[in-house]
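One structure below.
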Amino acid sequence: MGPGILVVAQSAATRQTIIDALKDTSPFTRYLETNSGREGLEIVAKDPIDVIVCGLKLYQMSGLELLRNMQQDEELCDIPFIVLADDNRTKTKIELLEQGASDYIVQPVDIGELVARIKVQLKVKTLQDNLKRSNRLLLNLSSTDSLTQLYNRRVLMRTLRKEFQRQVRTEESFSLLMVDVDHFKNINDRYGHLNGDTVLINLARMLRSYLRPYDVPTRFGGEEFALVLPNTNMECAREVAERLRLAAKELRFSGEIRDLEITISIGVATCPADGVESEDDLLKLTDDALYAAKSAGRDQVVC
Ligand code: GH3
Ligand code: MG
Ligand code: MG
Ligand code: MG
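Take the sequence shown: its position 52, counted from the start at 1, is 52 in UniProt numbering, and no numbers get skipped.
Have a look at this one:
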């Protein structure tokens, strides 16, 4: 999809002149137009727009109001906004730039200059989009476990810290589940490491699908998964853990491991709890519960 340019101006002739001139230089661009500031706002909210060229006097909402509305919106504030200004006074120009306009051109418009200015803003927008994309990618890489696509341990620790603070403030309890695959070493030994990885990937997918959107499933390391359940007391956490334990037994795989059945052990701890004052205390308590589940014969939940 080519870049989108929105032309907002009261006069149909002005809009047409601008779009015709742009079409000559860039036939692959999408052109949208309106004479209404309000409709302009609706368009940018639902269509990907890369540059707006906007007059000040419009129907329904002025160009300045449209600019202010967009500036207040996190999603829209970075869309380059070129104003078709009515007067050449420095004061007006400064005001427009301070309100968030990227550029302005004084009417009557020199169309060649406008096209050149639009191209500059399109370049800025492309750079901005690329920067945002790499930031998102970096953020994703730094918080995701590459094998399972669950969150990593860094996110676990950050989430636990936040949940602790929230617990103190709201007195709502939250729970931590530590899930560990039983005799996973045997699976690796018998079917190989790659099949072991497949088991982890499928188990992770199951865990995520059983949790609520605001739960935080993380890979703690190896074949252990730490699941943070906000707003969850011990009873609910036990029920969730029990459902996960049963679902793990039902997991089926394909190829060399089609006959494999796995079981998991789960340690559960809930905050607040006696003697638990830090993230590490809570991890220790959960780990003790997991150890108890292993000692008691595996394939079980211990709170
Ligand atoms: P238990 O029931 O006591 O938990 O026994 P276990 O064999 O599951 O536990 P142990 O801690 O002895 O073994 C865990 C194994 O998990 C050892 C390690 O090689 C394997 N492992 C750790 N990370 C990965 C991974 O990313 N992929 C695969 N395939 N194996 C892994
Ligand atoms: Mg383990
Ligand atoms: Mg172990
Ligand atoms: Mg294990």
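Every residue, glycine too, gets a C-beta built ideally from N, C-alpha and C.
message: For Val216 and Val181, what's the separation of their Cα atoms in angstroms?
response: As a working note, residue 216 is residue 216 in the sequence shown. As a working note, residue 181 is residue 181 in the sequence shown. The straight-line gap from Cα to Cα measures roughly 19 Å.
message: Relative to the C-alpha of Leu58, which candidate in Val83, Ile79 and Ala45 has its C-alpha closest?
response: Indexing the sequence shown from 1 puts residue 58 at position 58. The residue with the shortest Cα to Cα distance from Leu58 is Val83.
- prompt: Pick out every residue whose C-beta is nearer than 6 Å to a heavy atom of ligand 1: which are they, in chain order?
  reply: Leu147, Asp180, Val181, Asp182, His183, Phe184, Lys185, Asn188, His193, Gly196, Asp197, Leu200, Gly222, Glu223, Lys294 and Arg298
query: Which whole-angstrom value is the C-beta distance of Ile79 and Val44, which I expect to be below 8 Å?
result: The count along the sequence shown starts at 1 and reaches residue 79 at position 79. The count along the sequence shown starts at 1 and reaches residue 44 at position 44. Going by Cβ atoms, the distance from Ile79 to Val44 rounds to 6 Å, so yes, they are a contact pair.
Below-9 Å beta-carbon distance, Leu150 vs any chain D residue: Chain labels in this structure do not include chain D; a single protein chain is all it has.
query: When you compare only the Cα positions, how much space is there between Lys249 and Ala289?
result: For this step, residue 249 is matched to residue 249 along the sequence shown. For this step, residue 289 is matched to residue 289 along the sequence shown. Roughly 20 Å separates the two Cα atoms.
field: Thr232 (DSSP reduced to helix, strand or coil)
entry: Taking the sequence shown and counting its residues from 1, the one referred to as residue 232 is at position 232. Three-state result, Thr232: coil.
message: Among the candidates Met206, Asp87 and Leu160, whose CA atom is the shortest distance from the CA of Val109?
response: For the purposes of this step, residue 109 is identified with residue 109 of the sequence shown, where counting begins at 1. Out of Met206, Asp87 and Leu160, Asp87 has the C-alpha closest to the C-alpha of Val109.
message: Are the CB atoms of Leu122 and Pro3 within a distance shorter than 9 Å?
response: Position 3 of the sequence shown, counted from the first residue, corresponds to residue 3. Position 122 of the sequence shown, counted from the first residue, corresponds to residue 122. Yes; because the gap between Cβ atoms is below 9 Å, this pair is in contact.
message: To the nearest angstrom, how far is the alpha carbon of Asp281 from that of Gln165?
response: As a first step, residue 281 is located in the sequence shown; it is residue number 281 there, counting from the start. As a first step, residue 165 is located in the sequence shown; it is residue number 165 there, counting from the start. Whole-angstrom Cα-Cα distance: 15 Å.
message: Please report the distance separating the alpha-carbon of Leu194 from that of Phe184.
response: Residue numbering aside, residue 194 sits at position 194 when the sequence shown is read from its first letter. Residue numbering aside, residue 184 sits at position 184 when the sequence shown is read from its first letter. Going by the C-alpha atoms only, they are around 13 Å apart.
task: Name the two residues that bound the continuous beta strand (DSSP E) containing Asp215.
output: The residue labelled residue 215 in the question sits at position 215 within the sequence shown. Taken as a continuous stretch (DSSP letters only), Asp215 belongs to no beta strand (DSSP E), as it is neither H nor E.
- prompt: Less than 9 Å separating the beta-carbons of Met206 and Leu156?
  reply: Here residue 206 is taken as the residue at index 206 of the sequence shown, counted from 1. Here residue 156 is taken as the residue at index 156 of the sequence shown, counted from 1. Result no, Cβ atoms of Met206 and Leu156 do not sit closer than 9 Å.
Under the three-state DSSP convention, the category Ala9 falls into: Residue 9 sits at position 9 when you count from the first residue of the sequence shown. Residue state, collapsed to three classes: coil.
field: Buried/exposed call for Phe28, threshold 16 Cβ in 10 Å
entry: Taking the sequence shown and counting its residues from 1, one reaches residue 28 at position 28. Phe28 should be labelled exposed.
query: Start and end of the beta strand (DSSP E) containing Val106?
result: For the purposes of this step, residue 106 is taken as residue 106 along the sequence shown, with counting starting at 1. Element bounds for Val106: Asp103 to Val106.
task: Check the DSSP bridge columns for Met178 and list the partner residues they point to.
output: Position 178 of the sequence shown holds residue 178. Bridge partners of Met178: Ala226 and Gly267.
- prompt: What is the rounded straight-line gap between the Cα of Glu256 and the Cα of Thr270?
  reply: Here residue 256 refers to the residue found at position 256 when the sequence shown is read from its first residue. Here residue 270 refers to the residue found at position 270 when the sequence shown is read from its first residue. If you take the alpha carbons of Glu256 and Thr270, they lie about 39 Å apart.
message: Is it the case that the region 196 to 206 contacts the region 137 to 153, given that we only count it when at least three CB pairs across the two stretches are under 8 Å?
response: yes
message: Please give me, in chain order, every unbroken run of the beta strand (DSSP E) with length at least 3 that falls completely inside the region 87 to 171.
response: 103 to 106
- prompt: Under three-state DSSP, which class holds Ser295?
  reply: Position 295 of the sequence shown holds residue 295. Helix at Ser295.
query: With a CB to CB cut of under 6 Å and the five nearest residues on each side skipped, what residues in its chain are close to Glu224?
result: What you label residue 224 is simply residue 224 of the sequence shown in a count that begins at 1. Excluding sequence neighbours, Glu224 sits near Asp180.
- prompt: What distance in whole Å lies between the Cβ atoms of Ile105 and Arg117, which are believed to be in contact at a cut-off of 8 Å?
  reply: For the purposes of this step, residue 117 is identified with residue 117 of the sequence shown, where counting begins at 1. For the purposes of this step, residue 105 is identified with residue 105 of the sequence shown, where counting begins at 1. Arg117 to Ile105, Cβ: 6 Å. Contact.
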